[in-house]
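Novice:
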Amino acid sequence: MEAMATDTSDQSQHAPATPKAKLPAWVKLAKNAPKGIDCRNWEQWKSYLATRKNVATLQSLVSGKKTSPLAWALFADDVIDTQTIPLLESLGEVASGRAKPTKKLATKLEQWLGCLDRRIAERNLVLELLACAHALPTLAPVLSADLWWQLLDKLMSHAIDAASTNFSKKIFEQGLAGELPLTLAYLFPELQACLDLGSPAVEVLDEGMQSLTDGEGLLKVDQLLHLRALLACWTRSQAMIQATDGWQLSADAYTQYQWMVRHLLRLTRADGTQTLSSGLSGVYNKHLYQTALAQGKDEEDDVIAHLTLPNSKGKASEWQLPYPSYESAWSQFAFLRTDWQRTSPRFAVRHDLEPLIVELESREDMILSGAWDTKITVDGVELSPTSTWEQVGWLADDDGDYLEMEQEWTSGVRLQRLFFMAREDDFLWAMDTVLLNDRAQKIEYQSQPPLTPQTKIDLAGETNEAFLQLPKSKATLLPVGINEWRSDSVLGKFTLVDDKLTLRQTGTGQALVAPLFFDLAKKGQGKPLTWRQLTVAEKLVIQPRDRAVAYRVQTATGHWVFYRSLTEKASRTFLGVNLISEAVVARLDENGDIEKLLEVQSS
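Numbering (the working numbering), first residue to last: 3 to 605.
1. Using CA coordinates, which residue listed in Gln545, Phe429, Lys541 is at the minimum distance from Gly526?
2. What is the residue span of the alpha helix (DSSP H) that Gly200 lies within?
3. Would you check if there are 3 or more beta carbon pairs closer than 8 Å linking the region 473-491 to the region 519-537?
4. Find the nearest neighbour of Leu131 within the set Arg554, Glu446, Leu178, judged by alpha-carbon distance.
5. In this structure, does DSSP put Met3 in helix, strand or coil?
6. Do Ser166 and Asp208 have their beta-carbon atoms positioned less than 7 Å apart in this structure?
7. Assuming contact is defined by CB atoms lying nearer than 7 Å, are Glu584 and Ser567 in contact in what I supplied?
8. With respect to the beta strand (DSSP E) encompassing Thr606, which residues constitute its N-terminal and C-terminal limits?
9. Between the region 260-276 and the region 50-61, are three or more C-beta pairs nearer than 8 Å?
10. Could you compute how far the alpha carbon of Asp155 sits from the alpha carbon of Leu220?
11. Hey, is the region 453-462 in contact with the region 369-389, meaning 3+ C-beta pairs nearer than 8 Å?
12. Within its chain, find whatever has a CB closer than 7 Å to the CB of Gln152; leave out the 5 residues flanking it on each side and keep chain order.
13. What is the DSSP secondary structure of Phe77, reduced to helix, strand or coil?
14. Rounded to whole angstroms, what's the CA-CA distance from Pro36 to Pro191? Just pull it up for me.
15. Are Arg125 and Phe77 touching if we call contact CB-CB under 7 Å?
16. With a threshold of 8 Å on Cβ separation, who are the neighbours of Leu295 within its own chain once the five nearest residues in sequence on each side are excluded?
17. Given that a residue counts as buried once 16 or more other Cβ atoms are within 10 Å of its Cβ, and exposed if not, what is Gly180?
18. Note down, in chain order, each residue of its chain lying with its Cβ closer than 6 Å to the Cβ of Leu111, except the 5 sequence neighbours on either side.
19. Check whether the region 223-243 touches the region 278-295, taking contact to mean three or more Cβ pairs, one atom from each stretch, closer than 8 Å.
20. Per DSSP, what kind of secondary structure is Pro517 in: helix, strand or coil?
21. Report yes if the CB atom of Leu72 is closer than 7 Å to the CB atom of Leu129, and no otherwise.
22. Which runs of the alpha helix (DSSP H) fall wholly inside the region 288-325 and span at least 4 residues, in chain order?
23. If we count Cβ pairs, one from each stretch, closer than 8 Å, do we get three or more for the region 491-504 versus the region 398-414?
24. Comparing alpha-carbon positions, which option in Leu323, Lys502, Leu461 lies nearest Glu486?
25. For the ligand FAD, any of its heavy atoms closer than 6 Å to the Cβ of Leu581?
26. With distances taken from CA atoms, which of Leu470, Thr379, Leu282 is nearest Leu362?
27. What three-state label does DSSP hand His136 in the structure shown?
28. Across which residues does DSSP place Trp151 in a beta bridge pair?
29. Checking 7 Å against the spacing of the C-beta atoms, do Gly494 and Thr510 come in under that value?
30. On the DSSP bridge assignment, give the partners of Leu193 in chain order.
31. Identify, in the order they occur along the chain, each residue of the same chain with its Cβ nearer than 6 Å to the Cβ of Gly28, setting aside the five sequence neighbours on each side.
32. For Gly494, does the three-state DSSP call read helix, strand or coil?
33. Only counting the same chain, and skipping five residues up and downstream in sequence, which positions put a Cβ closer than 6 Å to that of Gln292?
34. Around the Cβ of Arg419, are there at least 16 other Cβ atoms within 10 angstroms (buried) or fewer (exposed)?
35. Given a cut-off of 7 Å on the beta-carbon distance, is the pair Phe576 and Val538 in contact?
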C-alpha cells in the first residue's frame with residue numbers, strides 16, 4: 003500500500019499529458035507539411051497555425067484592409083439571414099488580424115454550427131462558410147480542439163458534397179464547389195484532404211467562367227442580379243490562385259473573367275448600384291471594383307473606371323475607348339449608352355420576359371424602370387403575345403446604338419419595337435410597329451412606358467408633350483405619331499390613365515406605327531419645340547399611314563427626321579429625299595440636308 007502511494011505522488015508532480023484531439027477520419031498530413039508537426043497534438047497544431055508564414059491572408063491579397071472581402075456582394079435571395087453580414091464582418095476582422103478572437107465569438111460559432119443544416123437552401127450561406135474557413139487559423143486560440151475540427155470537418159463535407167451535386171442553377175456551384183474547396187486547399191495545404199480539393203475546384207471555376215457566360219463575359223439576363231456576387235467569387239478565387247504555385251485558369255476562362263470586369267463597369271449606375279437590380283445584391287463596393295480591375299489587368303478598363311464610377315471626373319475624349327453599349331442574343335439583353343461618362347444616358351433592355359423589362363437612366367436620374375405594358379386590339383378583339391421577344395437587329399457605331407426586336411401576337415399579328423439612342427444628340431427614339439396579315443377597320447394601340455415613382459409628370463395644356471421633372475434633371479417625352487395639339491385627337495391621345503402616362507393611338511389598314519421621342523439633352527429643356535407627321539409619296543402618289551410614315555421633330559438642341567416603311571421594298575420620297583430603306587433616323591441641318599444617323603435596309 004505504501005509503495006502504491008509513493009508512485010501516485012511521483013506522477014502528480016508532472017503535468018498531465020495533452021489529450022489527443024478527436025480528428026476527422028480524413029485528416030492526413032500532406033507531403034509539404036513541416037516535419038515534427040503533429041496535428042493530433044492540439045497545442046502543437048495551434049502554435050503552428052499561429053506562427054506559420056507560408057499562407058497569406060485573403061485580406062492581404064485584395065483591396066480594402068478594413069472591410070471583409072466576403073462582404074463585397076451578396077447573392078440575390080428572398081431570405082437573407084440577419085446574422086450574415088455581421089458574421090462576415092466579425093470573422094473578417096479576426097481573419098485579417100485586425101481583431102483578436104474572443105470566447106463570445108467561439109460560443110456564437112458553436113451555435114452557428116448547430117443551425118447549418120436547416121439553412122442549407124440559403125444562397126448566401128456559402129459566404130458564411132467561407133468567412134469561417136478564412137478565420138479558422140486565427141480562431142484556434144479560443145476554440146476547443148473538438149470544436150475547431152468539427153468546424154473544419156463541416157466545411158469539408160459541404161465542399162465535398164457540392165462537388166458531387168448536380169446544381170439546377172450552376173451559378174451557385176461556383177461558390178460551393180469552386181471557391182469553398184479552393185479556399186480550404188489554399189488555407190490548409192498541410193492537410194492532404196484539403197490540398198487535394200484545390201485542382202478540382204479550379205476546374206469548376208474555369209468551366210463556370212466559360213459555360214455561364216456568352217463568350218464575352220455576360221451572364222444570362224435572368225442571372226444578372228447575381229453578377230456582382232459571382233464576380234466577387236471569381237475575383238477572390240483568382241487572387242488565391244495567383245498567390246499559389248501550381249494552379250492556373252485557362253486562357254479562355256481568364257478572358258471571360260476580363261470581359262465580365264468590363265460588364266461590371268458597363269452596368270454600373272451613376273450612384274454605383276447595378277443596372278436592372280435592387281436590394282443588397284446591387285450595392286456598390288469600391289474594393290470589389292479595385293480588386294477586379296487589378297486581377298483583370300486591362301488598361302482600357304482602368305480608364306473606363308476613372309470615367310464611370312462614383313466620384314469620377316475623367317473625360318472620354320482623353321482615350322480611344324470601345325463603345326459602352328452591348329447586345330447579346332444569347333443573354334437576351336441589350337444595353338444602349340451614349341458614352342462612358344458617369345451621368346451619360348443609358349437604356350437597358352431585358353427581352354426574355356413578357357412584357358419587356360427596361361431601364362432608362364440619364365444624368366443620375368432613373369426615368370424608366372420596369373415592365374413596358376402594351377395592349378393591341380384589332381376590330382374589337384384584344385390580342386395577346388404568343389412568343390417572347392426576338393432580337394432582329396443590332397448596330398453600334400459613332401452615331402448611336404440601334405436595337406430592333408419582334409414578337410408574335412394572336413391572329414398572326416407581329417409587333418416590332420425599334421430603339422435608337424443617339425450618341426451625340428442625347429435622345430432615345432422608341433418606335434412600335436404593329437403589322438397585320440389582313441386589313442382591319444380599326445387598330446387600337448396602347449402603351450405605358452414604366453416611368454419611375456420619382457418622375458413628376460407635367461402634361462402641357464394645349465399640346466401633347468409631357469415634361470418629366472426628376473430630382474436632378476429634366477426630360478421631355480413626345481408622342482410624335484399623334485397630332486401635336488390636344489384639340490386634334492383623331493390619331494390618338496397622350497394622357498394619364500390611373501396615374502400612368504398612356505399613349506393611345508388608332509389606325510386602319512394593315513399596319514400602325516406608334517413612336518415616342520425621349521429628349522434627354524441637358525440643355526434646352528422647357529424651350530419651344532415642335533413635331534409633325536410628314537407626307538410620304540411613291541411615284542408622286544401620297545402613301546397611306548399603313549404603307550409608310552415619316553416624322554419631323556425639332557427641339558432647342560436639334561432637328562431630326564424619322565422614316566418607316568411598312569411594305570415590301572419601294573422607292574419613296576419625303577421632304578425631297580428619296581429612300582428605299584426600311585427605317586431611317588437622320589439629323590436635319592440648317593440647309594434642309596439630312597445626315598443619316600441610322601439606316602435599316604429593306605429585306
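C-beta: ideal position from N, C-alpha, C; glycine also. From a predicted model like this one, the values you see are computed outputs, not experimental measurements.
Specialist: On the basis of the data shown:
1. Phe429
2. 200-213
3. yes
4. Ranked by how close their Cα comes to the Cα of Leu131, the residues Arg554, Glu446, Leu178 have Leu178 in first place.
5. Here the model assigns Met3 a pLDDT of 36, short of 50, so the residue's position is not dependable and the matter cannot be decided.
6. no
7. Taking 7 Å as the Cβ cut-off, Glu584 and Ser567 qualify as a contacting pair.
8. Any answer about residue 606 is impossible in this case: the structure gives the chain only from 3 up to 605.
9. Here the region 260-276 makes no contact with the region 50-61; the two share fewer than three CB pairs at distances below 8 Å.
10. Spanning the alpha carbons of Asp155 and Leu220 requires a straight line of approximately 36 Å.
11. The region 453-462 is in contact with the region 369-389.
12. Correct list, in chain order: Leu115.
13. coil
14. 11 Å
15. yes
16. Taking Leu295 as the centre and dropping the five residues before and after it, the same chain places the C-beta of Val263, Asp303, Asp304, Ala307 closer than 8 Å to its C-beta, in chain order.
17. buried
18. Answer for Leu111: no residue qualifies.
19. yes
20. strand
21. yes
22. 288-298, 301-310
23. Taking a contact to require three or more Cβ pairs closer than 8 Å, the region 491-504 and the region 398-414 do not qualify as touching.
24. Leu461
25. As far as ligands go, the structure on display features none, and thus does not contain the ligand FAD.
26. Leu470
27. helix
28. Answer by DSSP bridge pairing: none, since Trp151 is not bridged.
29. no
30. Leu31
31. Reading off the sequence shown, one finds Trp at residue 28, where the question assumed Gly. Spatial neighbours of Trp28 in its own chain (CB-CB distance under 6 Å, excluding positions within 5 residues in sequence) are listed in chain order as Ala195.
32. Correct three-state label for Gly494: strand.
33. Only Ser65 meet the Cβ criterion.
34. buried
35. Result yes, Cβ atoms of Phe576 and Val538 sit closer than 7 Å.
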